[in-house]
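*Asks:* Final position of the sequence shown in the numbering used here is 573; the numbers increase by one with none missing. Heads up, the beta-carbon is just placed ideally off N, CA and C, and yes, glycines get one too. Got a structure for you, questions after.
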Amino acid sequence: MPRPPSAPPQVGFVSLGCPKALVDSEQILTRLRSEGYHTAASYDDADLVIVNTCGFIEAAVTESLDAIGEAMADNGRVIVTGCLGVKADLIRARYPKVLAVTGPHDEPAVMAAVHAHLPKPHDPFVDLVPPQGIKLTPRHYAYLKISEGCHHNCRFCIIPSLRGTLVSRPLGDIVAEAERLVEAGVKELLIVSQDTSAYGVDQKHRVGFAGGRPVKMSFPGLVHELARLGVWVRLHYVYPYKSVEEILPLLDIDGVLPYLDVPFQHAHPRVLTAMRRPAGRAHPSACVKAWRAARPDLVLRSTVIVGFPGETEAEFETLLAFIEDAGIDRLGAFAYSAVEGAAANALPNPVPEDIKHARLERLMAHQAALSAERLKTRIGQTCRVLIDERTEDGLIGRSYAEAPEIDGVIRVTAGDAPPGDFVDCRIVATGTHDLTAIMAPTFDTRTTGSV
């Protein structure tokens, strides 16, 4: 059925990639809504489609190209943005009829393309946009990006060529956005960037202002301000610098959580040096030992790469031993991908594909067994759980020890509560990555020390 001429224009949106890209998508959607555009639920209903792509590894490139192809086939009017957008020639060679191609974190260029191909409606109702902007996450948690780009030159990574060098957001802007999100009902803020620990380095840690207070633009300074908000704050992409030790006393299971997502990438010194990892001289095991001595309740998530060029069997065994000795609670792993433009592709002694994937399988099986054993220690413990959703089988939520979308969950089989509520639960069973719980009597998480 044709749409009435007075109906607002409809824009379809496909968002791929990491949480940083998700934040870019939210910013574009907020701008679209503020100008009176509506979001289409299907390709058929859309006047045009925006595809926010990822180009970090070859699998992501393939997924992005496939998504563009699907949008072209089912709609035909497509604007491409995101990290893969820096390879416009590749996209246009495959899909010459796309309307426009822009790079990542480029809302103005995306909106210019939208205006060129779908003029904005007259007299948009700006007040229809909520103060916190448009979010693609559930109402009770949100990603908060503190910087853009990266100032490192890791050999396996092409992020600096995709997103540029490090640019830290003004501290006052970050805190103001966080406060708006909290006022809108967000219970958990997930802090993301390419290197969260490097916040403020590009500004030489000059003094900024938050709520009229002078605050040093640094990782500890930012964490101190976020700790004032009275909601869960989860730190992702934390690099193992000395500044991590400064923020450990600020962690609290009702505030900035004792949960760190630290992308160690490997554990062998030679491999870390070959990767050009920042803080590579600080052995991961020594970092973890110091952190756990200061915070025994600390939960660690990490990501690692297996099969980096030149990685030997002995070096891989070092990685396996580190995962066990450090007690890494949650782990993501990848086989090295020779993404176009990565400096590591020129290194000698590439690891054969079959060996890379065999090592990946061994690593994940090793981690699965370790995870199952570590989770068993939580049986009988009581924890505060943030409910994410209701299902036919009960509630699904998380404690401070689980991040959304990437970690396991807690399945609450007895009791009821709406998504976004905190409930007190007792762990009664565990699996490889997930836990099962029932609601427990109210308790004070500040005094129990349980997870």
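Looking at C-beta atoms only, is the number of pairs between the region 494 to 511 and the region 274 to 288 that lie closer than 8 Å three or more?
*Replies:* no
*Asks:* Would you mind listing the beta strand (DSSP E) stretches within the region 311 to 387 that are 3+ residues and don't spill past its ends, in chain order?
*Replies:* Fully enclosed beta strand (DSSP E) runs of 3 or longer: 329 to 332, 335 to 338, 354 to 357, 378 to 383.
*Asks:* Going by other Cβ atoms of all chains shown within 10 Å of its Cβ, with 16 needed for buried, is Glu299 buried or exposed?
*Replies:* By the 10 Å Cβ count, Glu299 comes out buried.
*Asks:* Of the residues Ser493, Gly463, Glu439, Val183, which one's Cα is nearest the Cα of Arg481?
*Replies:* Checked all of Ser493, Gly463, Glu439, Val183; the closest Cα to Arg481 is Glu439.
*Asks:* Where in the region 162 to 204 do unbroken runs of the alpha helix (DSSP H), each at least 4 residues long, occur, reported from the N-terminal end onward?
*Replies:* Listed in chain order, the complete alpha helix (DSSP H) runs (minimum 4 residues) inside the region 162 to 204 are 180 to 196.
*Asks:* List the residues that DSSP assigns as beta-bridge partners of Asp546.
*Replies:* Bridge partners of Asp546: Arg506.
*Asks:* Let me confirm a value: Lys498 is counted as buried when at least 16 other C-beta atoms fall within 10 Å, else exposed. Which label applies?
*Replies:* exposed
*Asks:* For the alpha helix (DSSP H) containing Ala455, name the first residue and the last one.
*Replies:* Where Ala455 is concerned, there is no enclosing alpha helix (DSSP H), although the beta strand (DSSP E) it sits in stretches over 452 to 457.
*Asks:* Please report the distance separating the alpha-carbon of Arg414 from that of Leu420.
*Replies:* Answer to the nearest angstrom: the Cα atoms are 6 Å apart.
*Asks:* Mind checking Val220: buried by the 16 CB within 10 Å criterion, or exposed?
*Replies:* Answer is buried; the Cβ neighbour count reaches 16.
*Asks:* Quick one: grab the DSSP three-state call for Lys267.
*Replies:* strand
*Asks:* In the DSSP assignment, find the unbroken alpha helix (DSSP H) run with Ala559 in it and report its ends.
*Replies:* Careful: Ala559 lies outside any alpha helix (DSSP H), inside the beta strand (DSSP E) at 557 to 561.
*Asks:* In the DSSP assignment, find the unbroken alpha helix (DSSP H) run with Arg392 in it and report its ends.
*Replies:* 391 to 397
*Asks:* Check whether the region 133 to 151 and the region 164 to 173 touch, using three or more Cβ-Cβ pairs below 8 Å as the test.
*Replies:* yes
*Asks:* Throw me the rounded Cβ distance for the Ala264 and Arg423 pair, which I believe falls under 8 Å.
*Replies:* Wrong, their Cβ atoms sit about 19 Å apart, outside the cutoff.
*Asks:* May I ask you to verify whether the region 348 to 368 touches the region 311 to 320, counting CB pairs closer than 8 Å and requiring at least 3?
*Replies:* Note that the region 348 to 368 touches the region 311 to 320; at least 3 beta-carbon pairs, one per stretch, sit closer than 8 Å.
*Asks:* Going by beta carbon distance, what residues of the same chain come within less than 8 Å of Ser407, once the five residues before and after it are set aside?
*Replies:* Ala389, Phe444, Asp447, Ala448
*Asks:* So what's Glu301 in DSSP terms, helix, strand or just coil?
*Replies:* helix
*Asks:* For the candidate residues Ser186, Tyr321, Leu351, Val329, whose alpha-carbon lies nearest to that of Glu310?
*Replies:* Leu351
*Asks:* Around the C-beta of Thr107, are 16 or more other C-beta atoms found within 10 angstroms, so that it is buried, or is it exposed?
*Replies:* Nothing about residue 107 can be read from this structure; the chain reaches only from 123 to 573.
*Asks:* Identify the continuous alpha helix (DSSP H) that holds Phe444 and give its terminal residues.
*Replies:* 435 to 447
*Asks:* Over the uninterrupted beta strand (DSSP E) stretch that includes Ile477, give me the two end residues.
*Replies:* Per DSSP, Ile477 belongs to no beta strand (DSSP E); it is in the alpha helix (DSSP H), 475 to 498.
*Asks:* What does a CB cutoff of less than 8 Å around Met123 pick up in its chain, not counting 5 residues either side in sequence?
*Replies:* Confidence at Met123 is low in this model, with a pLDDT of 41, below 50, so the placement of that residue should be treated as unreliable; the coordinate-derived value is given next. Counting only Cβ-Cβ distances below 8 Å, and skipping sequence neighbours, we find nothing.
*Asks:* Bridge partners of Ala536, per DSSP?
*Replies:* Ala536 pairs with Ile560.
*Asks:* Are there 16 or more other CB atoms within 10 angstroms of the CB of Ala464, so buried, or fewer, so exposed?
*Replies:* Taking a 10 Å sphere around the C-beta of Ala464, we find 16 or more other C-beta atoms and assign the residue as buried.
*Asks:* Taking the alpha helix (DSSP H) that Leu284 belongs to, which residues open and close that run?
*Replies:* For Leu284, the enclosing alpha helix (DSSP H) covers residues 281 to 285.
*Asks:* For Lys364, count neighbouring Cβ atoms within 10 angstroms of its own Cβ and tell me buried if that reaches 16, exposed if not.
*Replies:* exposed
*Asks:* Taking DSSP's pairing of strands, which residues face Gln132 in a bridge?
*Replies:* His160
*Asks:* With respect to the alpha helix (DSSP H) encompassing Ile586, which residues constitute its N-terminal and C-terminal limits?
*Replies:* Limits of the chain in this structure are 123 at one end and 573 at the other, which puts residue 586 out of reach.
*Asks:* Which residues does DSSP list as the beta-bridge partners of Leu422?
*Replies:* According to DSSP, Leu422 bridges with Leu382.
*Asks:* Between which two residues does the beta strand (DSSP E) containing Arg261 stretch?
*Replies:* Annotation for Arg261: no beta strand (DSSP E) segment contains it, and DSSP assigns it neither H nor E.
*Asks:* Which of the three DSSP states, helix, strand or coil, is assigned to Glu511?
*Replies:* strand
*Asks:* Tell whether a beta-carbon distance below 8 Å holds between Ile609 and Thr535.
*Replies:* Past the boundaries of the shown model lies residue 609; the chain is included only from 123 to 573, so the question cannot be answered.
*Asks:* Tell me where the alpha helix (DSSP H) around Arg520 begins and ends.
*Replies:* Counting along the chain, Arg520 falls outside any alpha helix (DSSP H), though it belongs to the beta strand (DSSP E) covering 516 to 520.
*Asks:* According to DSSP, is Thr552 part of a helix, a strand, or is it coil?
*Replies:* The answer is strand: DSSP assigns Thr552 an E or B state.
*Asks:* Do you know offhand how far Leu453's Cα is from Pro336's?
*Replies:* 38 Å
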